Amino acid sequence: MESQDYWSDVNAVGDYYIRHDNVYTMKFVRHLPNLNSHLTALAQYGGPLAVFRRNDLNEESRMEIFNAVGQLITEFKWTSGNLLTMSWSSTESLVCVQTDGSVLIYQLMGGSPQLRKFYIDSKKTSSEQVASAKFYESQFGTGVAIATSTGRFLFLNGLENFSPKPLVGQEIAFSGSAWRRGCPGGGLAAGPVNPIAAAAHRQPEQQHHDCYAAHDQAEHQLGGVPGQVQHATGQAHCGQHQHRVHRDNLARSSAAVAPAVAAVVLRQAAAVLTVSQLVQRAAVLRHFLADLDPVPAAWCVLAPRPSNQLGPDQIRIFVLSRGGLLLLEQNRPPASLLEPPPAEALTDLCLSLDQSLLALWSEPQRHLTVYSLASGLSASGLPAPLSRHSLAGGPDSAFVGGDGGLLRMAWCANAAVMLVWADQRCLLPTVRSDRFANRLDEFHEGEGDSGAPLLVPEFDGLRLLTAERHDLLRPLPRPVEQLFNIACVSPATVLLLAHDTISGQARTETAAYELFLTIESDADKLAAVRCCLEAARFIAWPPDQKRVLRAARTGLALLPPKYSREHRTDELCQQLRLLNNLRFNESIGLPLTHAQFSRLGLGVLIDRLLNRRLHEFAFRACELLRLSESDGQARVMMHWAECQIDTLPPLVGAGVDIGESREDAQASDALVADIVKFVGQRPGVNYARLAGKAARLNRPGLARRLLDFETRSQDQVLLKLHNMRSELDLAGIMRKQPVAMALYQQAYCASDPAALLDQEDRRSDLAALELRRAFDSTEAARRQELLGSAASRFTEAGLPALAKECQLAAQLLERQRKLERDLSAQQFAGLSLHATLARLLGNGSEKLAESLRREFEVPEKRWWQLQVTALAKSGRFTELRRLSERKSPIGYAPFVNACLDAGNEAEAVALLPRVEREQRVRCLCRLRRYAEAIDFASGLKTDAAYHLEYLRRHLAREEVRQPGQPVVREAAQRLRALHQTMAAGGGGV
Amino acid sequence: MSHLGNVGRLKDLLCNELLALLDSLKGKNLLLVWDKPLMTPVNMVVDTNSLKQHKVHTMYSIEATGSIGTVPAECDMAVFLVRPDPTIIKYVATYVNDKSKLPTSKSAAIVFVPNKTIPCENLLRELKVDLNRVQLTEFQLDLLPFDNDLLLCDWPNAFRDYHLKSDISSLHYLSRAIMKIQTVFGIIPNIACKGEAAKRVCDNIIRMRREYDLEDTAAIAPQIDNLIIIDRSCDPLTPLVPQLNFEGLIEEVYRPKYTRIVVSIPRDNDVEERKVALNSADEVFADLRDRHINAIGKLLSKFARNISAQFDERHQATTVAELKKIVSKLPHMQAAKNSLAVFTTVTEKVKAHTESDEYMDLYECQHELVHGYETDRANPFIESLIAREGPLPDVLRLICIQSFCNGGLKPKLAQQYMRDIAQAYGADKLVTWCNLVKAGLIAEQKPGARNHYSAIKTTLSLCPEQLSEEAPADFHYVTSGYAPISARLVQKFSQPGWRGIRDALDFLPGGPVYEAIQKVKGLRQDGPVPPVYSADTKHNLVVFVGGATYSEISALRFLSQSDDFPADYIVLTTGLLSSQSFLDPFIEEINLTNLNPFV
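Chains as they are written, first to last, in this note's numbering: chain A, -8 to 980; chain B, 97 to 695.
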């Protein structure tokens, strides 16, 4: 790892240079002699390692999860059934498949698993088990496909989504076969092979639809083969296999066409049966299949990706069976992909991560053949092989591989294929190369017997893990190769050299300068800078990173400033700093390359850190890389808070909704205080979500407390409503929330206000409501009654004055009803006291009025005013005159006004002398006796100015209202003249 | 009064919101159906031409009577611009469900102004409206730009609803309006509020800011310094006192709808009805609006002289150049002449109102009360007014004034007034009395409580001695002698600050004083530089929760013109009040049904 000999760890494989980095020396505390003796799963992207220790005689089975450097993250007892295989999903959940078809999904930190299930224990047989399982990455997430011991394939796309209809147990239905194996009698291979319906293998009552579809298809594809295939299970005798074909099934085809064709048909059917469920239904066919593999030798899954247009309920499967290669697909006949069939028996296959390359291995011929799938799959089979390597010995092979069977096989970023035997490893290039046909690589470096490594393909390389070492093989990108290749002198190399010269001890600036001079054009300089930046991304060792980064900066300094703006190195530096921290901090142990980090994205990386509960580190990472508040720190905080809620000790109290024990309340309070202290009120923090979580964990008290901190009122209310158990509870909580209560009451008031107000004990409102209802009632007796109850309500509400008024109103109504009875044909009920009195006075029933007035204690002044108005209005001027002869407490102006209102000017004039001085001018004005008014006003000793001003305004108004009245005009002129003389005379009276 | 000057940007914001909404609809040619009362307010922000440019093909309006016709053939979508009002919704639902009116090939959209409500949605569902075909959306018309310095969040009954029904919806809309202002003018750093409802609005906007997460978008430098929120219940006195500034009197007399009034101008032997929009665009009105009514006459005659002088100039014009200059001025002169005619008529009518005997008597009484003379005993004028069965609103208004100026009525006095009213006007008026008590407009003095009004009056100098109607030195001219408390509070906020008048603030009813600071983070360096913001003049947004009077607005305009303290004020209010309209919502009209069916 010394910077000087970077190239020494690089191997040329084919056209690629593959760099070998030792990522870690493993730090397993408990000694793991050989990972190969346990069931293991290592995640991509430097993820965790799961080791399953199957129970030895007296020990329990345990699952242990380590990080990439071998430190234990978590471990737990295995209590479930028989674990078959496991893998990590794209979200770093451990997916375990049991032989009974259960899929257990564990979070990284353990806990109780999610369970999904493949329903394979079909009705009749319970012997069916999962034989093998494959995991794949699709656009819908991590998927699982299984092959059962009876040869069925089932799959589940998008494991972690709660897909509305999980595809568990859905069978791959294919209706015909086109498979031929390289067996004796393969002479039939010539010409297109027509599929025939596999419908024969299905129970008609179960699969009518499929049958018809299959028949149509079969018939269509048979072309010249006449005949109608009927549904039935059948047996076939034909060809060298001497099996009987059921007459009803394939009679027509066997009869009408040459027996050879029938043999094809049969074999096709047989091939189907290896992967169909129908085996169990036809005993003869089962026997027939006995000499085929019940389970395919090897298979892999072509997952749905945007590039291959497979839907969420579709996958394709490559199956090796009996040395041939089949493609299985939903609703299509299986297609044989190798035409003509290869001479050797294929035993293993491996698909590259991007699904563009397929490697096939044959044993014992020891041939590796690589096919490109980039141009898509066609029914006619695979294109010509991209390369073919033989390890069987020969002039161009220096290597024959390890002893025994091939153990593992994996792609190293489309550049090479790694083959692992128990004692040997071999890296073979993808494309056949004359120079490096195949190359041996000793990765052990003599470090003892750690066994064959686990292989994990990454998109930019290949991880190798043994109990001692964690290594990474990566093909060098072109710029890096240019920078370091010994045989190459590129501008980048010169730049690096010049930089080394400056920073070296010799400090020979001149030499450096001369070196710089050799890079002539700006384009070259730029290329050199870019090359160095690219190298910095690739290099895993910090001192080397620093070196090339400094070189890049030096190069940028030589360029015009606009380039330094374009090539910001600070962001890259921060990212590398983060990655180095992730890798070299062994308690984290997350060795990501920069390319992997870029592909993963910071968001996902933060998620992974959160999965490991590394909240503080994640928080700092967000800060370092300036992730926006809501994507970064707030999310970390939210996760932290959720973890806090998750890890709460169980409830002490009864755990019932409202009855929360004191200890629980204290615990909740403390937790909420903690959360609020750390999380605070930053944007992106969603207390409603936390409250929802608490509510799901059946901690309503905690949920309620958390909800109080939610800013989004809508979330708050919805969740609150959701948590309401009963109407009672609702009202109880609402009473503490005045705003909500007001709104609720408003909504409720429309239907039954009284009940609500009664319930809420709002007595004064209730009393007012009663009062309103009293006046709404159309019946006097009812109104009287309601007024009485309103009075008692007001008393209850502590408003005696209003209560008294209600009583008086009721009393008045009583009197009015009596009056109505006494003075028939007159209406009184509903009138005000004034109106009642006025009506009585108008009728001449002064006595009645007087007694009523006394009963209701109408004050003197008001009584007088009332009398004056009522008498004038009803035209009783004699009575009015009689009244005016008494001493009036309200003066006599009201008399004049009342007469004028009633239109009796003469009476008004008669009363005028009795009007007191202050009111006289006004009354004169009303009588339009302006001259008199002016004389009177100017003759006044006091307040003359006030009255004159009144006159002026009055006249001005009259002029506007009725222009051209001579009386008004003359008076106005006189007044103006008077004003002038007064002004001349020295400031008024 | 405001030099911020770009209230127009708020208008653009609202206008664009509506146009974008129309653009987002599926239809290519739209039939726009108006809920009639919405026409004026919506037209204040969007003109018909822009609507036509944004796919609107034809427009109908829903009248009280009669039904609207079918969707024209050219239109493929009917858009209903409606209030969330059940009767209107029912109407729309019937229309939409009627295949003959809206063929199945055409779709519809209902645009709720200002808000979609859950009851309305439920109603639509009940009426079996196919919500797949009928799109529901809303146009949040939270504020109407009345003038450069006056914004309205149209909730005329906000004060009543809040105090009687505890209905806080108006506060929500008001907060939303303030948020809108903040999106245009930036976050307002200082908030001061007085009163419970004001505090609620303040809490709302702080909360909304968190909810909307404006941190990231707050790139606009703050252009308004202070947000002063005043709850009407802290100053119920001002709307009770009749206004005497010109615009206030127009409000009292004409009751304009969305600043528009109809003036009947006598012309020859005929009367011409003219619709006039009252805003600062009219030069004459801009000059008159804030003056005392007694100063208007002289101003009008000055205007008249000016115009006639300008008209006379044409006789003296000798050269073509001079003539051309005069001709170019003609339209302007004509407009001035027209508005002069209008406002002369208006002045006459307004003066007739203020100079009537009844008005003068009321004025005198309320003048005495506001000055705090003998407020603790029964007021003889009020008593005689009741005895004469004078207008009840006036009676109640005077009682409310007396109650405020006496720090509550003595229980005995309250009971006397209550009985007088019940006996003179009928016991059903007790309901109104209860309403006023509940709203705190009539209060009963607690035993042993002190009357703080005189302290308030002195601290805030509500009734300064000197009064000039034509060249006022202080804004108490707006009511001839009483300076609105709210305007004083705003004035004192700028100078010397509310801390200096803490006692008076605490004595005022309505609730707590609360001041908050909104931090303005994340201001981009390269963000737009505020165009008019200067350190010298402080810009203030004054929000009246529960309505404002023109007397207050004129007082604030007076303040911003005075040189003492450079400050600008924009007013946002839930409604425009007059002494008449303030109490109206509390006076409950109970249908007094005939109790004797045989008569």
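Glycine included, every Cβ here is placed at the ideal spot set by N, Cα and C. All values derive from a computational prediction rather than experimental measurement.
Cutoff 6 angstroms; reference residue i; Cβ partners in own chain excluding five residues on either side
i	result
B:GLN614	ILE283, PRO285
A:GLY437	Caution applies to A:GLY437, whose pLDDT of 44 falls short of 50 and renders its modelled position unreliable; the value that the coordinates give is listed next. Answer for A:GLY437: no residue qualifies.
A:ALA788	ARG754, SER755, ALA758
B:PRO624	Confidence in B:PRO624 is poor, its pLDDT being 42 and thus under 50, which makes the residue's placement unreliable; the coordinate value appears in the next sentence. The answer is none, since no qualifying residue turns up.
B:LEU223	ALA189
Short Cβ contact (9 angstroms threshold) for residue i with residue j
i	j	result
A:ARG965	A:ILE925	yes
A:ALA800	B:LEU492	no
B:ILE287	B:ILE324	yes
A:GLU472	A:THR584	no
A:GLY546	A:LEU486	yes
A:TRP290	A:ILE306	no
A:VAL60	A:PRO582	yes
A:GLY528	A:LEU563	Before going further, note that residue 528 of chain A is Arg rather than Gly in the sequence given. Yes, Cβ-Cβ distance for A:ARG528 and A:LEU563 is below 9 angstroms.
B:ILE264	B:ALA293	yes
A:ALA947	B:MET514	no
Own chain partners of residue i with C-beta closer than 8 angstroms, once the 5 adjacent residues on each side are dropped
i	result
B:MET135	SER157
A:LEU397	THR338, ASP339, TRP352, GLU354, LEU410, VAL411, TRP412
A:PRO880	GLU851, LYS852, TRP855
A:ILE96	SER80, SER84, LEU85, VAL86, CYS87, PRO104, GLN105, LEU106, ARG107, LEU150, GLU151
A:GLN635	LEU662, ASP665, ILE666
Cβ-Cβ separation, residue j to residue i (assumed contact under 8 angstroms), whole Å
i	j	result
A:LEU138	A:MET77	Strictly speaking, residue 138 of chain A in this sequence is Ala, with Leu absent from that position. 16 angstroms between Cβ atoms; not a contact.
B:LYS634	B:SER590	6 angstroms
B:LEU114	B:PHE235	5 angstroms
B:LEU396	B:THR450	Contact flag wrong, Cβ pair sits at about 16 angstroms.
A:GLN62	A:GLY692	38 angstroms between Cβ atoms; not a contact.
A:ALA765	A:ARG774	5 angstroms
For residue i: DSSP bridge partner residues
i	result
B:LEU247	B:PRO241, B:LEU668
A:LYS684	Answer is none; A:LYS684 lacks a bridge partner.
A:LYS516	Partner(s): none; A:LYS516 has no beta bridge.
A:LYS108	A:SER93
A:MET409	A:ALA401, A:LEU418
A:TRP290	A:VAL310
A:CYS87	A:MET77, A:LEU95
A:TRP854	The partner list for A:TRP854 (beta bridge, DSSP) is empty, contrary to what the question assumes.
Residue i CB to nearest heavy atom of the ligand ATP below 8 angstroms
i	result
B:TRP594	Although the ligand ATP was asked about, the structure shown includes no ligands whatsoever.
Spatial neighbours of residue i in its chain, beta-carbon cut-off 7 angstroms, leaving aside the 5 residues before and after
i	result
B:LYS553	GLY468, CYS559
(message) Taking contact to mean 3 or more Cβ pairs, one atom from each stretch, closer than 8 angstroms, check whether the region 461 to 472 of chain B and the region 501 to 508 of chain B are in contact.
(response) yes
(message) Taking 8 angstroms as the cut-off, does the region 457 to 470 of chain A touch the region -2 to 14 of chain A (at least 3 CB pairs, one atom from each stretch)?
(response) yes
(message) Does the contact criterion of 3 or more C-beta pairs under 8 angstroms hold for the region 326 to 343 of chain B versus the region 372 to 390 of chain B?
(response) yes
(request) Would you check if the region 293 to 305 of chain B and the region 451 to 463 of chain B touch, i.e. whether three or more CB-CB distances between them fall below 8 angstroms? (result) no
(message) Does the contact criterion of 3 or more C-beta pairs under 8 angstroms hold for the region 895 to 912 of chain A versus the region 950 to 958 of chain A?
(response) no
(request) May I ask you to verify whether the region 344 to 356 of chain B touches the region 398 to 414 of chain B, counting CB pairs closer than 8 angstroms and requiring at least 3? (result) no
(request) Examine the Cβ distances between the region 525 to 544 of chain B and the region 577 to 588 of chain B and report whether three or more of them are shorter than 8 angstroms. (result) no
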